[in-house]
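Going down the list, the sequences are from chains A and B.
Sequential numbering of the first sequence, starting at 1, is according to the UniProt record's numbering.
Sequential numbering of the second sequence, starting at 1, is according to the UniProt record's numbering.
We treat Cβ as the ideally placed atom computed from N, Cα and C, and that holds for glycine.
Since the model is a prediction, treat every value here as computed from it, not as a measurement.
Have a look at the structure below, then the notes.
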Amino acid sequence: MQITKRVSYERDTKIINAASFTIEREDHTIGNIVRMQLHRDENVLFAGYKLPHPLKYKIIIRIHTTSQSSPMQAYNQAINDLDKELDHLKNAFEAELARHSGSQSRQY
Amino acid sequence: MKKKENELEKTQPTKPTVRKIFGTQQISEDDALSLVGGIVEKGFSDNSQFRSTGPSYAPRPTVLPFPVARHRSHGPHWSAKVGGSNGIDDEDEEEEQDFTGMNMAATFANPVQRKEKKGLDFSWLRETVNNNGGSVPHEKKRQGYLIGSNEWKGGKEANYKNSDGSGRWILTQDDAPLTRADFDAKEKDVTMEDKVSIIPEEVKEKRQDVLAMAIDDGQSNFKHSAAENFVQTKERPRSGIIEDREGIKGNIEPQLLNRPIKDIDVDMEMQCRPTTHFDSSFGYDKLVDKQAATSLESQIDLENRARLEKMSSDEIAEAQSEIMTKMSPKLINALRKRGQDKLKKQKISVSDMGSNGSSGTEQKEKNLINEPAMSGASSSSHDVQKAASADSLIDKDNKVVPNLSSKGSSLWDSWSKRVEHVRDLRFSLDGDVFKPDFAQILDAGTKQVHSGYSADNVSERDFLRTEGDPGAAGYTVKEAVALTRSVVPGQRALALHLIASILDKANCSIYQHQVGCNMKFAESDESIDWEAIWAFVLGPEPELALSLRISLDDNHNSVVLACAKAIQSVLSCDINESFFNISEKIPTYSQDLFTAPVFRSKPDIDSGFLRGGFWKYNTKPSNILRFDEDTIDDKSDGEHTIQDDIVVAGQDIAAGLVRMGILPRICYLLETSPSPPLEECLISILIAIARHSPTCAAAIINCDRLVQTVANRFAANEQIEIYPCKIKSVKLLKVLARVEKKNCIMLIKNGIFHKVTWHLYRYPFSLDQWVKSGRDVCKLSSALLVEQLRFCKVCIQFGYGISQFPDLFPSLSIWLNVPTFPKLIENNVIIEFAAITKEAYLLLDALASRLPNFYLQMHQGMEVNAEDTEVWAWSQVGPIIDLAIEWTKVKSIPYISGFLDWDEAGGYFILQDSEVNCLLWIISSVMHMLSNVLKAATPDDVKSLYNGHVPWLPEFVPKIGLEIIRNGFMSFSGVNGMASDDNTAGSGSFLGYLCHLRQKSGHETSISSTCCLHGLVQVVASVDKLIHLAKHEFQNASAEYQNFTRDDKILAEGIFHSSLVELGALLSSFMKLISNGWQCIQSIEMFGRGGPSPGVGVGWGSPGGGYWSTTTLLAQQDARLVMYLLENTQNAFAKDLLTDEEVCFTMQRINSAVKACMIAGPRDGAVVDKLLDILLQVPVLKHLDFGIRRFLSHREGFRPFGWKYEEEEYLLFANVLSTHFKNRWLSVKNKLKTTGNHKHVNCKRHKKGSLPLETIHEDTDRPLTVGQGPTSLIMEWAHQRLHLPIHWFLSAISTIQYEKNIDIPVDFVEIARGGLFFLLGIEAMSTFVAVEFQSPVNNIPIVWKLHALSVTLLGGMGVLEEEKSRDVYETLQDVYGKVLEKFNMESLYFQSEIHESYSTFIENLVEQFAAVSYGDVVFARQVAIYLHRRVEAPVRLATWNALSNARVLELFPPLEKCIAKGDGYLEPVEDDERILEAYVKSWVSGALDRAATRRSATFTLVLHHLSSFLFENVCDSTRTLRNKLARSLLRDCPRKEQRQNMLMKLIQYKKSIPCAEPISDVASSLQICLGKRFQLLKESCEGN
């Protein structure tokens, strides 16, 4: 098991309600989707991510929220929402697949 | 009016003659006979009978070309063309028709035989006829086209065909219905006239009849009055022959358009001949039949113009020359005269052409511009170039088209066009250009076409011209080069002489230009474009280097000599030497420069795209030596071809010559005891090669026996007599020694040094003897001695031969003494004497810099330096100082004391300028020597001294000081109000005089006076310093102090201090001078190169010599002096609070330091270093801060900072910035450091001194440091960066990363903070200065400044995170916003100005913004600037797309808070379709949703531009796009409530009302407006 944390959290000292999350061993795949999910959040003022270096396998996500929320909250919310959405997608896909393969097996 | 007349004419019933004309030769033989006969008579019988009868004979056109040539060049094409080479660009139907047409025409193609009855030589014509089938299809096609497009043909057309001898007209008529449709569809550029003159065909026919009749009449007339014609020619109306000629071209053209280019020539030939023939006679007809003529004339004119429009330029040129060839010389002359008259008249009488005529010319112009592109599609690029050049030549000729070259084309384009022009220039044997008059221009366009030689005068042809156009006068460059390979030795020699004289002329003319007057040339056609000529000759195309190299191997001595002379000119030996001669006289330069051409490496993103990269050699040094051991190891020898050599020579001609093995050949030639002139030439060439680059110099050293041979030849005739080549030999050896220390040692060790400098050690003879030996001998011996002294100096600078000084001294002493001037003047040898004296003192100067420190020596005793280099002994210095002091007693030296009265009655003119100059050089070298001695006498480390004072002062120090005071070098007018009773010099001081000379005289005198001033100031400063150090002695005896004389008092108080006012004036006058200088020098660099051509020297072909000019030298000397003065008057910065004047003054000082930095050349690294030290010190920064505060509090729109910089911050900035600038700009590229291979010369990097680069610990710039001398006394341009670019100080904020090889950890945020502060400081201060002291910061384009600000952010957010630098940054944004508002005309060309791939940069910046900014407002403002309306569309588009993709459009502040006023973003309304589409795309994709809620500027932008586009300025041209956009907006709308709101805002948008406010007090007009808008939307959706 990997001992190091996957995600580390660091509050920004200059701006309130702003923080950066460093996610180890992830790249644009996760970075982009999380960012776009964060953009949907009304309380998020800024959400961006970057790969600090092409050879460093990690991303840094920066979030700035309104006072109604907090970066951590927004981040968790985004992850949860994404989870749900993907689950839903997966279920829908599998259901459709089952239906399709069912109909196929009926044919042959 | 004319038109009406025409119409009347057209409708005249002349039908009955129609048939006759059309079928002339078949149907009515009489007509045909008379017609053909007429032509024949003019063309042949007259010709052959009267050609030699003299001037009484009327000029007439000839149709007889030079028979042999014609056959050779055109025969083969004829048969081939018949097949299918026509109509390649055509539709297939067209081609088929052609074939049928051809076949049919062939049946008519025989009547020409009738002409044989005249008993003339028709052989050429018979060929034409036999091949007639070839031309027929084109003829027909043309006619079809002409009819099809309803163009009025004119009778010419008909006659033309008639004279061709076939009844093709009928055919054409048959075909007309078919082709007409084709052409109507195809020809999109149907001109105005075409449309206007849509006339029924019958009418046309009638007109043709009229015409034909007229012609018949005319020709019968003509037959009888051959002599009259000449007169008539002159009298004919304006639209006479010239237009006719154009008409012919016009006739020819359409088919040319439809056919492959290669056939054009042939066709032209065939068709032009008869046409021309007819045409010239046609002009006369018009006079005879007046009524017909006037109408015809205008019609033809009209038609001609229409035709001309359709011709491509080279076709025009070809047609012109074709005509020229067909006419007799007299007629040509007459026409030419007429043409010139016409040109004069043209401007006044444009209306004369008639309404159609003028519009026609306009269109013609347009066509001329478009044509090259059109022909480019079908022809090779070479053709395009030719077309382009021919194009502008014609333009020039007609004076109608203004500047083709300058309009909308970049600098490089216009330059290459200029160079292309040279291709057609012809040179006479003495190198002059034949003025491009009428004939020249016409000839120039075509080379294959043959000139007016006929069978009769063909023997007069110049058989030397075996290439190109044999008919034209003079030679083109390529012809001359080709002629060097002639089989006739005389021709080779002649060609080489020609080349040499062209090059010499070009050299001289370039050098006479003004430095930096770039590229203004193209428009003025009076003068000859020598820069372009130089570039073309040296360029890759003529392959000059190869020919020269081949010619040098010639076995004819005359050819070899001529070739050597030509090479000498190519390498511009003479002018280079004169430059280096002056440069060597300057005592402050111990180094020379290598002359190899260089260019700058491209800017990269790590340096923020800033200009001013490292210089690189045009040719890689490894390419110069072909027979290098390494390369033999690496590659197989077989890979080298002569093409490689040519490529190298194209990059750098000297390198190419060396590569082609010129050195062994020269060595051989020298060994065969050549004639003195050849030897001189050869050695000059060697000098030039040695000066070229380290590699070339090494090649000379390594060339077997070469150096030895030169030395042997020097020693061979050991007589006292001196030859010029001896002088040059010494010079060569000197240059070789300078290149490398190793060479110097080698030359000393193998005795060559002694062999060539023995003159110096000769038994000292008296000056009288020298003078008596005669002026010529004096001259030669002076030149030789100067070179030998220089050679000695080189050795001494390397640290050798110092011990031999005692031997040298006795013979030198006669030169060191102040001579008895009358004798010298009497014999007119003062200049020669002065040259030697000056050089001797320069030698002593070099020696003096080898002195060990006076006090060091005292303390440590005589410690012998352990190294192989030697030091000079102080014991020998004494007498020399005495001698030198004699020279400083300017008052007692007659002729110099005269200077001091300069302001009274212009007394200083007693001496010639050159004599003043040479005396000044002496004084300057004396001064520098003294200052070096004084420097050696100054203790290095003041602290280590007892009490901080020197124990005792050398006697000579006050002596020098007193002499300076006594001799009126300075006026000391301000000293203690002392009565200047003994100040005999009046108000004029020597310093004032020098200053005056600097401003008033020529370059060299200016340089010498500046050097003098520099030396003087240096001596004064050193004396002051020493006396100050020793002052405690004076203090002890303060009682005596009162009794001092004025002079002593001044000395005690410090000369510098006493003359501060004078020095201040000096400084300010020089500050003015350098502000001219820096602009001049900055303008030299263009195309990213030092010069535009690949040669050696003369500034690599840039005007006035560019960097290699005395102007540059002078500016650099000025900069040096300014630097020195600034350094020594630094205490002015000490004060804290300033008044307005003081601010101004400080700003001037800062400005001039910045300017001086930009003047400094490769040799001035130390100067820049010092200047940076002066510029970046805490007091200066404090002043800048003070300036910023004043600026902020006085300007509206700015608020003062709420904080202050601390003392430590100033210190930090000063340190960080100066390290940065020095690293950035003064570092030397050192990539070969790791190889450690010192076999190779090019591995040896010259290590430039006083660089803060950690890896190089030596401080080797000045030979002051005893022991480790420099390894070379010649600087390379390559591998360093000076001259600085204008925006050099932006580097602090726009550097992201250094070059890889500098591995010092640098805190870029600190640098950027410092840089921002410095930049704001300079900006702020520049607002306080008067206009004439304009700060360089104002000359940097705003684009660069904005760009630099962006680059800072690309590196990281560090700058914005710190409060102070954030404020500074924001203030800078505001400052530049104000600038943007102020100059609201200029565009922000980020892409074209800064880097071609600027979009990538933008994407990176936006990425950075999206990832880490937290939506920082300052950052957002910076990004938003790229959406400004004045930014180029591609950049704006890239920015918008990047922002949209990154979903950060909402992060922008409202528009009011952006940089500059919001209007700049909104007006003018966006018209770029792609950007509008991008707007809609972001709208639809939802990227704008949050921007709308957050009132981001981006949403305002979209609202404004979209609503303006959709609802205002409604016009048809944009309808489709508008519909498309509106539809996608509407379709998107119902899905989301948010979008609906946005759409409402869009519809309700009005610029004056901020979009977010509810439209509460809506006027009813707005309601109406809204209604309209809804209507429009509905329309655009077409009911969906």
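| query | result |
| --- | --- |
| Between the CA atoms of H1395 of chain B and D430 of chain B - distance to the nearest angstrom | 45 Å |
| Any chain A beta carbon closer than 8 Å to residue 1589 of chain B | Outside the modelled stretch of chain B, which goes from 1 to 1584, sits residue 1589 of chain B, for which no answer is possible. |
| Opposing strand residues paired with I23 of chain A [DSSP bridges] | A:V7 and A:I59 |
| Assigned secondary structure, F990 of chain B (DSSP; H/G/I helix, E/B strand, else coil) | helix |
| Residues of the segment 25 to 49 of chain A whose Cβ lies closer than 8 Å to any Cβ of chain B, in chain order | R35, M36, H39, L45, F46, G48 and Y49 |
| Cβ neighbours of I825 of chain B in the same chain (closer than 6 Å, five flanking residues each side left out) | none |
| Between the CA atoms of K741 of chain B and V771 of chain B - distance to the nearest angstrom | 37 Å |
| Coarse secondary structure for P431 of chain B, derived from DSSP in three states | Rather than Pro, the amino acid found at residue 431 of chain B in this sequence is Gly. In the structure shown, G431 of chain B sits in coil (DSSP, three-state: anything other than H, G, I, E or B). |
| Residues that DSSP places opposite K616 of chain B in a beta bridge | B:F599 |
| Neighbourhood of L812 of chain B by C-beta, 6 Å cutoff - its chain only, sequence neighbours within 5 removed | A840 |
| Listed by chain order, chain C residues near A1411 of chain B by CB distance under 8 Å | Absent here is chain C; the protein component of the structure consists of chains A and B. |
| Per-residue contacts from G1415 of chain B into chain A (C-beta, under 8 Å) | L45, F46 and H64 |
| Counted within 10 angstroms of its Cβ, other Cβ atoms place D41 of chain A as buried (16 or more) or exposed | buried |
| Cβ-Cβ separation, A562 of chain B to M660 of chain B (assumed contact under 8 Å), whole Å | That pair is no contact at about 18 Å. |
| Alpha-carbon to alpha-carbon, N1523 of chain B and Q448 of chain B | Its pLDDT being 36, under 50, Q448 of chain B is placed unreliably by the model, and nothing is read from it. |
| Close Cβ partners of R1573 of chain B (< 6 Å) along its chain, the five nearest in sequence each way excluded | F1511 and I1547 |
| Euclidean distance between Cα positions of S1218 of chain B and I1174 of chain B | 10 Å |
| Stretch-stretch touch, CB-based, cutoff 8 Å, three pairs: the segment 40 to 59 of chain A with the segment 1385 to 1404 of chain B | no |
| Residues that M1275 of chain B bridges to, as DSSP identifies them | B:L593 |
| Interface flag, E1361 of chain B vs chain A, CB-CB below 8 Å | yes |
| Neighbouring residues, chain B, relative to I16 of chain A (Cβ below 8 Å) | Those within 8 Å of I16 of chain A in chain B number zero; the least Cβ separation is about 11 Å. |
| Status (buried if at least 16 other CB within 10 Å, exposed otherwise) for S67 of chain A | exposed |
| C-alpha distance - H1505 of chain B paired with E1432 of chain B, whole-angstrom precision | 16 Å |
| Amino acids of chain A, ordered along the chain, whose beta-carbon sits closer than 8 Å to that of L1451 of chain B | F46 |
| Contact list for R1447 of chain B against chain A, beta-carbon separation under 8 Å | R35, M36 and H39 |
| Option nearest L1290 of chain B by Cα separation, candidates B:A482, B:L883, B:D504 and B:G608 | B:G608 |
| Sheet register partners of V560 of chain B (DSSP bridge) | In DSSP, V560 of chain B forms no bridge with anything. |
| H64 of chain A in three-state terms, based on DSSP | strand |
| C-beta atoms of V871 of chain B and R850 of chain B nearer than 8 Å | yes |
| Proximity test, Cβ basis, 8 Å: K1300 of chain B and chain A | Unreliable positioning characterises K1300 of chain B in this predicted model, as indicated by a pLDDT of 49, which lies under 50. The coordinate reading is nonetheless provided below. No, its Cβ sits nowhere closer than 8 Å to a Cβ of chain A. |
| Contact test: E1085 of chain B Cβ vs the ligand NAP heavy atom, cutoff 7 Å | The ligand NAP is absent from the structure shown, which contains no ligand whatsoever. |
| Limits of the unbroken alpha helix (DSSP H) element including L45 of chain A | No alpha helix (DSSP H) holds L45 of chain A; the beta strand (DSSP E) holding it covers V44 to K50. |
| Those runs of the beta strand (DSSP E) which lie wholly inside the segment 646 to 670 of chain B and span at least 3 residues | none |
| Residues sharing a beta bridge with Y475 of chain B, DSSP | B:F427 |
| Helix, strand or coil at A18 of chain A [DSSP, three-state] | strand |
| Backbone CA spacing between T1005 of chain B and Q1117 of chain B [nearest angstrom] | 12 Å |
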